[in-house]
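Asks:
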Amino acid sequence: MHALSQPITVVLVPLLTLLFHLAQDWGIAVLLLTLFVRLLLFPFSLRVARQQALQMKIKPELVSLRERYKDKPTDLIMETKKIYEKYGVKPMAMFTIALLQMPIFMAMYSLFITHGATMSSFLIPWVLTFAESDPWHVLPIVAASLACLTSFLPLSPGVGTTISTQQRILTALLMIPFFLLILWKAPVALCLYWIAGSLFGLLERLFYRTVWGKSLLNRKASAQV
2 MHALSQPITV
12 VLVPLLTLLF
22 HLAQDWGIAV
32 LLLTLFVRLL
42 LFPFSLRVAR
52 QQALQMKIKP
62 ELVSLRERYK
72 DKPTDLIMET
82 KKIYEKYGVK
92 PMAMFTIALL
102 QMPIFMAMYS
112 LFITHGATMS
122 SFLIPWVLTF
132 AESDPWHVLP
142 IVAASLACLT
152 SFLPLSPGVG
162 TTISTQQRIL
172 TALLMIPFFL
182 LILWKAPVAL
192 CLYWIAGSLF
202 GLLERLFYRT
212 VWGKSLLNRK
222 ASAQV
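The numbering used here numbers the first residue of the sequence shown as 2 and each following residue consecutively.
1. Rounded C-beta distance between GLU80 and TYR70? I'm assuming under 8 Å.
2. Using only alpha-carbon positions, find the residue among ILE114, CYS192, ILE84 and PRO178 that is nearest to TRP137.
3. In chain order, what residues of the same chain lie with their CB nearer than 8 Å to the CB of LEU105, ignoring the 5 residues before and after it?
4. Within a Cβ cutoff of 8 Å, which residues of the same chain sit near ILE114, ignoring the five residues on either side of it in sequence?
5. Leaving out five residues before and five after ILE84 in sequence, what residues of the same chain have Cβ atoms less than 8 Å from its Cβ?
6. Would you mind stating whether SER122 and GLY198 have Cβ atoms separated by less than 8 Å?
7. First and last residue of the alpha helix (DSSP H) that includes SER65?
8. Let's test the definition: count the other Cβ atoms within 10 Å of the Cβ of ARG206 and tell me whether it reaches 16, buried, or not, exposed.
9. Using a Cβ-Cβ cut-off of 7 Å (strictly less than) and excluding sequence neighbours within five positions of MET120, which residues of its own chain qualify?
10. Please report how far the alpha carbon of TYR209 lies from the alpha carbon of GLN167, in whole angstroms.
11. Under the three-state reduction of DSSP, which class applies to ILE125: helix, strand or coil?
12. Based on Cα-Cα distance, which residue from GLN56, SER146 and LEU204 lies nearest to MET95?
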């Protein structure tokens with residue numbers, strides 16, 4: 002993973018420095034960098050969202066298949082694959098954003114471990130440098146809570162998810178200790194990056210609830226179903 006993240010770190014350092022010279026604050030520079038990264042990843046995020054919308058639209062056919070082939074698991078797998086191929090559903094596409102964000106996250110971690118000692122911000126006045134972890138653990142808790150909220154919120158009221166509300170609640174709650182474990186002792190700037198990214202993801206989902214968002218989200222799915 003270090004081999005993947007190192008070239009990204011090399012790019013991020015001058016970019017973050019440039020944003021600092023524009024904003025005159027490292028905290029604001031991190032927020033701007035997060036916005037830049039998320040906008041760069043938006044086409045991939047949209048692709049994942051469209052796949053989710055498409056899976057929701059074909060859910061009745063999948064339920065029918067499960068009922069028809071409930072005693073024939075091999076046939077069920079084959080028929081499900083045919084349905085996916087017919088409508089262009091790519092289950093592995095759901096992990097695209099996670100796979101893309103992982104080396105970026107590792108690059109951010111490396112960046113703030115090596116360069117964070119020279120950075121600080123009025124946004125986080127209770128720490129001296131960005132290389133330190135949050136002694137009050139405020140940012141890790143906020144970051145984990147926002148990640149939980151974003152994962153729980155459906156794409157839109159009409160295009161939600163193929164799993165039940167109870168499953169979504171359980172998944173969201175399990176995410177909190179997972180992210181706390183990752184961020185509890187992480188550099189405080191990494192928590193700031195995660196919070197900004199989660200807020201972007203939350204606004205992204207709220208955008209999909211607007212008329213323009215629904216149109217963008219369903220454009221490809223409607224053409225295939």
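C-beta: ideal position from N, C-alpha, C; glycine also. Quick caveat, the model's predicted, so the values are computed rather than measured.
Replies: If we stick to the structure as given:
1. 6 Å
2. CYS192
3. Residue identity check: residue 105 is Ile in the sequence provided, not Leu. Only SER6, ILE9 and VAL38 meet the Cβ criterion.
4. ALA132 and PRO188
5. ILE59, GLU62, LEU63, LEU66 and VAL90
6. no
7. 60-69
8. buried
9. TRP27, THR130, PHE131 and ALA190
10. 22 Å
11. coil
12. GLN56
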